[in-house]
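Novice: Just so we're aligned, residue 0 is where the sequence shown starts under numbering that gives the first Met the number 0, counting upward by one. A virtual CB, placed ideally from N, CA and C, is assigned to each residue, including glycine. Since the model is a prediction, treat every value here as computed from it, not as a measurement.
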Amino acid sequence: MGSTRPQSRRSRPIGMRGERLQTVLARAGHGSRRAADRWIADGRVTVNGILAAPGTQVDSERDIVALDGRLLDLGAPVAIHLAIHKPRGVLSTTRSGYGHQTVVDLVTPPPPGRLWPAGRLDLDSEGLMLLTNDGAWAQRVLHPRYGLVRQYAVQLDREPDHDDLERLRRGVEIDGVHAQLLGIARSRRPAGVAPSSEPGPWFAVELGEGRNREVRRLFAAVGYRVHRLVRTAYGPITLAGLEPAAWRPLTAAEVAALEGGPQPTLSTEARPRRSSVDELRIAVDGTSGSGKSTVGRALAHRIGARFVDTGLLYRAVTLAVLEAGIDPADGPAVARLTQQTRIRVRPANGGRSGEQVMIGRRDVTPLLREPTIERAVPTISQHAEVRAAMLAVQRDAARGQDTVMVGRDIGTVV
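(1) Would you decide whether I183 is buried or exposed? Buried here means 16 or more other CB atoms lie within 10 Å of its CB.
(2) Using a 10 Å radius around the Cβ and a threshold of 16 neighbouring Cβ atoms, would you call P108 buried or exposed?
(3) Short check: CB of T131 to CB of W115, under 8 Å?
(4) For a test of the three-state rule: what should DSSP assign to Q138, helix, strand or coil?
(5) How would you write the range of the beta strand (DSSP E) that Q154 sits in, first residue to last?
(6) Taking the continuous alpha helix (DSSP H) assigned at Y313, which residues delimit it?
(7) Among the candidates V221, P248 and Q179, whose CA atom is the shortest distance from the CA of M128?
(8) Between the alpha carbons of D121 and S91, how many angstroms are there, rounded?
(9) Which runs of the beta strand (DSSP E) fall wholly inside the stretch 225-258 and span at least 3 residues, in chain order?
(10) Sorted by chain position, which residues of the same chain lie with C-beta nearer than 7 Å to R187's C-beta, five sequence neighbours on each side aside?
(11) If you draw a straight line from the alpha carbon of L20 to that of A40, how long is it in whole angstroms?
(12) May I ask you to report which of helix, strand or coil DSSP gives I372?
(13) Between which two residues does the beta strand (DSSP E) carrying V102 extend?
(14) Whole angstroms are fine: how far does the CA of R157 sit from the CA of F218?
(15) Quick one: using the 10 Å Cβ neighbour count with 16 as the cut-off for buried, is S31 buried or exposed?
(16) What separation, rounded to the nearest whole angstrom, lies between the Cα atoms of A304 and L81?
(17) If you draw a straight line from the alpha carbon of V344 to that of V316, how long is it in whole angstroms?
(18) Using the Cα positions of A135 and L66, report the straight-line distance between them to the nearest angstrom.
(19) Can you round the beta-carbon distance between E204 and V229 to whole angstroms, since I take them to be within the 8 Å contact cut?
(20) Which residue marks the beginning of the alpha helix (DSSP H) containing R394, and which one marks its end?
(21) Should R425 be labelled buried (16 or more other beta-carbon atoms within 10 Å of its own) or exposed?
(22) Where do the ends of the beta strand (DSSP E) carrying H84 lie?
(23) Going by alpha carbons, who is nearest to I63 out of R185, T45, A190 and A78?
(24) Would you say E369 and A334 are within 8 Å of each other, going by their C-beta atoms?
(25) In or out: H161 buried (at least 16 other Cβ within 10 Å) or exposed?
(26) Less than 8 Å between the CB atoms is what I'm expecting for L321 and T371, so what's the real figure, rounded?
(27) Taking its Cβ as the centre, do 16 or more other Cβ atoms sit within 10 Å of G406, making it buried, or is it exposed?
(28) Name, in chain order, the residues that DSSP records as bridge partners for H177.
(29) Looking at C-alpha atoms only, which residue of A35, L50 and R212 is the closest neighbour of E125?
(30) Could you say which of V23, E208 and R280 lies nearest to G118 if we only look at CA atoms?
(31) Could you check whether L73 and S59 sit closer than 8 Å to each other, using their CB atoms as the reference points?
(32) Have a look at the DSSP bridge pairing and note the partners of R185.
(33) Could you have a look at I63 and say whether DSSP puts it in helix, strand or coil?
(34) Taking T402 as part of the beta strand (DSSP E), name the residues at either end of that continuous run.
(35) From I302, A244, T293 and L336, pick the residue whose C-alpha is nearest to that of Y313; which is it?
(36) Output the distance between the C-alpha atoms of R224 and D163, rounded to the nearest integer angstrom.
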């Protein structure tokens, strides 16, 4: 006989129209598709109370999915924003039908979900690009209303004369559209960029919009050929420190600055905007059992500051690592996941520590004292690359108001 238990109004038979369960879990930031395959094979995942099977399809807006009995949020994924140095010969699209490597192929291991380029560079150009899994964000930062200036290092085939430079500043017509450089100045080959096989002077130029091959077409309009074109800045984000094919996550401050931060200029290096009022940040160091949490919490209460225990941040990373199926002993893999995971701390109405720890939009506070977390967190916290990646998480937790932060050996890094 079939079950007579009434179904939830959100329940429905599984395996009907929708997307593959593994794809939905990966896009929502719960782990890789390979990890999801393992969870399903091990019988750890249910959909509407029924064990999931390979090939199960779900509707992320209607179905109820649980891992080990814990409901999963299938909403928006953890936002990923990357800066990457595109080499010449690499396509700036997401797919290639011509055998060329794409800029997305350079991001290894690939993060959950899909990445899109925010803007493009042609095949023969190189330099800074932005990648994201948030298509709406990409469209916002590309919109002309943000006024983000693109800066390029350009090597020409010969020395330009003064009149031609003035024409570029005033603007020329390209296919019936007025186009101009916002600025141009003598420059050098950027650091980290390979020497050219052809001679020619280098210039730094600025452009307000990124129309297709616009820099090359501007110089062609006044009779010059561009040997090399390297994008060195996009709004407040610069190429500095990125070797060809290398990438790094943007900090929270850089993401915010792209939606209203300073623009690059030819005379100064662009930096993310700082608040006009500096927050008070106090770091309390101490070994286990030293009483640092008691002291820090009392101090925060006395001065009206937020209290943050960095141990909870490390526990949240540990949870993300275990859920993604990553080996805690693999320091580089753990560090990459740390950079891709959005962890926040906010005051809670109750709870043991009075703080609520969020991964994306999910409250993970009740899970952070589980025995599996207790056993794995010492291994994860000992990796130097993980501690370095955690600095951005700690600084983000201390941003926006006065903060007292406690932990081992954190010093003044917050």
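Specialist: Reading it off the structure:
(1) On the sequence shown, position 184 is the one that residue 183 refers to. It counts as buried.
(2) Position 109 of the sequence shown holds residue 108. So P108 ends up on the exposed side.
(3) What you label residue 131 is simply residue 132 of the sequence shown in a count that begins at 1. What you label residue 115 is simply residue 116 of the sequence shown in a count that begins at 1. Yes, Cβ-Cβ distance for T131 and W115 is below 8 Å.
(4) To locate residue 138, count along the sequence shown from 1; it is residue 139. Here Q138 sits in helix by DSSP.
(5) As a working note, residue 154 is residue 155 in the sequence shown. Where Q154 is concerned, the enclosing beta strand (DSSP E) stretches over R149 to L155.
(6) As a working note, residue 313 is residue 314 in the sequence shown. Looking at the DSSP string, the run of the alpha helix (DSSP H) that includes Y313 is T309 to E322.
(7) For this step, residue 128 is matched to residue 129 along the sequence shown. Closest option to M128, Cα to Cα, is P248.
(8) Here residue 121 refers to the residue found at position 122 of the sequence shown. Here residue 91 refers to the residue found at position 92 of the sequence shown. Between D121 and S91, the C-alpha separation is close to 7 Å.
(9) 225-233 and 246-248
(10) For the purposes of this step, residue 187 is identified with residue 188 of the sequence shown, where counting begins at 1. Excluding sequence neighbours, R187 sits near W201.
(11) Residue 20 sits at position 21 when you count from the first residue of the sequence shown. Residue 40 sits at position 41 when you count from the first residue of the sequence shown. So the two alpha carbons sit approximately 12 Å from each other.
(12) Stepping through the sequence shown from its first residue, residue 372 is reached at position 373. DSSP places I372 in helix when its eight states are reduced to three.
(13) As a first step, residue 102 is located in the sequence shown; it is residue number 103 there, counting from the start. From DSSP, V102 is part of no beta strand (DSSP E); its letter is neither H nor E.
(14) Residue mapping note: residue 218 aligns to position 219 of the sequence shown, counting from 1. Residue mapping note: residue 157 aligns to position 158 of the sequence shown, counting from 1. Near 11 Å, if we compare the C-alpha coordinates of R157 and F218.
(15) On the sequence shown, residue 31 is found 32 positions in, with the first residue counted as 1. The residue in question, S31, is buried, as its Cβ has 16 or more Cβ neighbours within 10 Å.
(16) As a position in the sequence shown, residue 304 is number 305, starting the count at 1. As a position in the sequence shown, residue 81 is number 82, starting the count at 1. Cα to Cα, the separation comes out at about 32 Å.
(17) Within the sequence shown, residue 344 is the residue found at index 345, counting from 1. Within the sequence shown, residue 316 is the residue found at index 317, counting from 1. So the two alpha carbons sit approximately 13 Å from each other.
(18) Position 136 of the sequence shown, counted from the first residue, corresponds to residue 135. Position 67 of the sequence shown, counted from the first residue, corresponds to residue 66. Cα to Cα, the separation comes out at about 29 Å.
(19) Residue 204 sits at position 205 when you count from the first residue of the sequence shown. Residue 229 sits at position 230 when you count from the first residue of the sequence shown. Going by the sequence as given, residue 204 is Val instead of Glu. The pair is not a contact, with the Cβ atoms about 11 Å apart (cut-off 8 Å).
(20) Here residue 394 is taken as the residue at index 395 of the sequence shown, counted from 1. It spans A383 to A396 - the alpha helix (DSSP H) in which R394 sits, taken as one unbroken run.
(21) Nothing about residue 425 can be reported from this structure: the residues present for the chain run from 0 to 413 only.
(22) Here the question's residue 84 lines up with position 85 in the sequence shown. Looking at the DSSP string, the run of the beta strand (DSSP E) that includes H84 is H80 to K85.
(23) The residue given as residue 63 occupies position 64 in the sequence shown. The option with the nearest alpha carbon to I63 is T45.
(24) Here residue 369 refers to the residue found at position 370 of the sequence shown. Here residue 334 refers to the residue found at position 335 of the sequence shown. Contact: no.
(25) As a working mapping, residue 161 is identified with position 162 in the sequence shown. By the 10 Å Cβ count, H161 comes out exposed.
(26) The residue labelled residue 321 in the question sits at position 322 within the sequence shown. The residue labelled residue 371 in the question sits at position 372 within the sequence shown. Sure, about 6 Å apart at Cβ, within 8 Å.
(27) The residue you call residue 406 lines up with position 407 of the sequence shown. Counting Cβ neighbours within 10 Å, G406 comes out buried, since at least 16 surround it.
(28) Counting from one through the sequence shown, the residue named residue 177 turns up at place 178. Paired residues: E172.
(29) Taking the sequence shown and counting its residues from 1, one reaches residue 125 at position 126. It is R212 whose Cα lies nearest to the Cα of E125.
(30) In the sequence shown, counting from the first residue as 1, residue 118 sits at position 119. Out of V23, E208 and R280, E208 has the C-alpha closest to the C-alpha of G118.
(31) In the sequence shown, the residue the question calls residue 59 occupies position 60. In the sequence shown, the residue the question calls residue 73 occupies position 74. Yes, the pair counts as a contact, with Cβ atoms nearer than the cut-off.
(32) Here the question's residue 185 lines up with position 186 in the sequence shown. DSSP output for R185 lists F202 as bridge partner(s).
(33) Counted from its first residue, the sequence shown places residue 63 at position 64. In this structure, I63 counts as coil in the three-state DSSP scheme.
(34) By 1-based counting over the sequence shown, the position of residue 402 is 403. That run of the beta strand (DSSP E) goes T402 to G406.
(35) Mapped onto the sequence shown, residue 313 falls at position 314. Y313 has its Cα closest to that of L336, out of I302, A244, T293 and L336.
(36) Taking the first residue of the sequence shown as position 1, residue 224 is located at position 225. Taking the first residue of the sequence shown as position 1, residue 163 is located at position 164. Going by the C-alpha atoms only, they are around 13 Å apart.
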